[in-house]
Amino acid sequence: MLNYIKFLIYQLLGFSLAIPKLIKFKKSPDKFSSKETFEFIHNQAKKSLDFIDVKLTVLGKEKLPSEPVLFVMNHSSMLDSFILMASVDRPTGCLIADEPIWKNMPLIKDWTSLINCVYINRSNNRDGIKSIIKASENILSGHSMAVFPEGDLTWIKDPNSLISDFRSGALKIAYKAKCPIVPLVIKNSKDIYEGYHPVGKINSYPIEVEFLDPVYDHLSDTSLKSSNLGISIKNNMINNIRQFLNK
Numbered sequence: 015m016l017n018y019i020k021f022l023i024y025q026l027l028g029f030s031l032a033i034p035k036l037i038k039f040k041k042s043p044d045k046f047s048s049k050e051t052f053e054f055i056h057n058q059a060k061k062s063l064d065f066i067d068v069k070l071t072v073l074g075k076e077k078l079p080s081e082p083v084l085f086v087m088n089h090s091s092m093l094d095s096f097i098l099m100a101s102v103d104r105p106t107g108c109l110i111a112d113e114p115i116w117k118n119m120p121l122i123k124d125w126t127s128l129i130n131c132v133y134i135n136r137s138n139n140r141d142g143i144k145s146i147i148k149a150s151e152n153i154l155s156g157h158s159m160a161v162f163p164e165g166d167l168t169w170i171k172d173p174n175s176l177i178s179d180f181r182s183g184a185l186k187i188a189y190k191a192k193c194p195i196v197p198l199v200i201k202n203s204k205d206i207y208e209g210y211h212p213v214g215k216i217n218s219y220p221i222e223v224e225f226l227d228p229v230y231d232h233l234s235d236t237s238l239k240s241s242n243l244g245i246s247i248k249n250n251m252i253n254n255i256r257q258f259l260n261k
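Residues in the sequence shown are numbered from 15 upward in steps of one, following this note's numbering.
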């Protein structure tokens, strides 16, 4: 549990010491760019992983389009959100499950709001559509978004899969925003966090993250169903993980 305690202390210190900065950003949001507000979260995530000796290798950044995108990631660990925020170096919000434990977390909820995260109610289709529209509006305003389309941890949904089935409705964000989709594959993250709750055991393992080629299929073929697109993206991500495992 030593790594978890170190990680927890780092979060408490990092977010507490940043309260003056948070107040400044909230008081005068028009005076600060999205890059300035995102920079704290990006650095906090990177330093958090360094602090628990999780070495992060990021590949494929040269493939990223200059325009805002929808990042699509697999989800094997409770630390994947930190891995995401440490890996991207552009303002990026995330689609987050509308659960009280995440939505009401002190300080964290303020920062998620500042970086344009969107909460989604997965049990209410009408509310879900509103969240998808909001996320697409963020992209149209110049702010990338990220989704974990599995909707839950891979090993919870299907212990025998490298990536479980997508809830492909989240991909409609890219349809509405008319933006590229960039698959982001997180490799070897399952065992760095043992557990399915905010309290768990953290292990120090190297993590590799790879940005795959941007996907434009939904833009060139507007009749392409998001479910079919989701299967294609998931299979490409699985092939990438297999190549990693076979090294």
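We put the CB at the ideal spot given by N, CA and C, even for glycine. Please read these numbers as outputs of a predicted model, since none were measured by experiment.
Check                                                                                                                                                        : Outcome
Can you give me the start and stop residues for the beta strand (DSSP E) that Tyr133 sits inside?                                                            : Val132 to Ile134
Using the DSSP secondary-structure output, state which residues sit across from Tyr207 in a beta bridge.                                                     : Ile216
Assuming contact is defined by CB atoms lying nearer than 7 Å, are Phe54 and Ala32 in contact in what I supplied?                                            : yes
Ignoring anything shorter than 4 residues, give me the alpha helix (DSSP H) runs that lie fully in the segment 114 to 156, in order along the chain.         : 114 to 117, 122 to 128 and 139 to 154
At which residues does the beta strand (DSSP E) containing Gly107 begin and terminate?                                                                       : Thr106 to Ala111
Using only the alpha-carbon positions, how far apart do Met159 and Ile19 sit?                                                                                : 30 Å
Which runs of the beta strand (DSSP E), 3 residues or longer, sit entirely within the segment 41 to 102?                                                     : 70 to 73 and 84 to 87
Report the residue from Gln257, Ile216 and Leu259 whose alpha carbon sits nearest the alpha carbon of Met15.                                                 : Ile216
Please state whether the Cβ-Cβ distance between Ile134 and Leu154 is less than 7 Å.                                                                          : no
Would you grab the beta carbon distance between Thr168 and Ser178 for me? Rounded to a whole angstrom, and I think it's under 8 Å.                           : 5 Å
Buried or exposed, going by whether 16 or more other CB atoms sit within 10 Å of the CB of Pro120?                                                           : exposed
Buried or exposed: which applies to Asn249, given that a residue is buried once 16 or more other Cβ atoms fall within 10 Å of its Cβ?                        : exposed
Considering only the beta carbon of each residue, do Val102 and Cys193 sit closer than 7 Å?                                                                  : no
Along the chain, where does the alpha helix (DSSP H) containing Lys201 start, and where does it finish?                                                      : Unbroken run through Lys201 is the beta strand (DSSP E), Ile195 to Lys201; no alpha helix (DSSP H).
Leaving out five residues on either side along the sequence, give the residues of the same chain with a beta carbon under 8 Å from the beta carbon of Pro79. : Pro194, Val196 and Pro228
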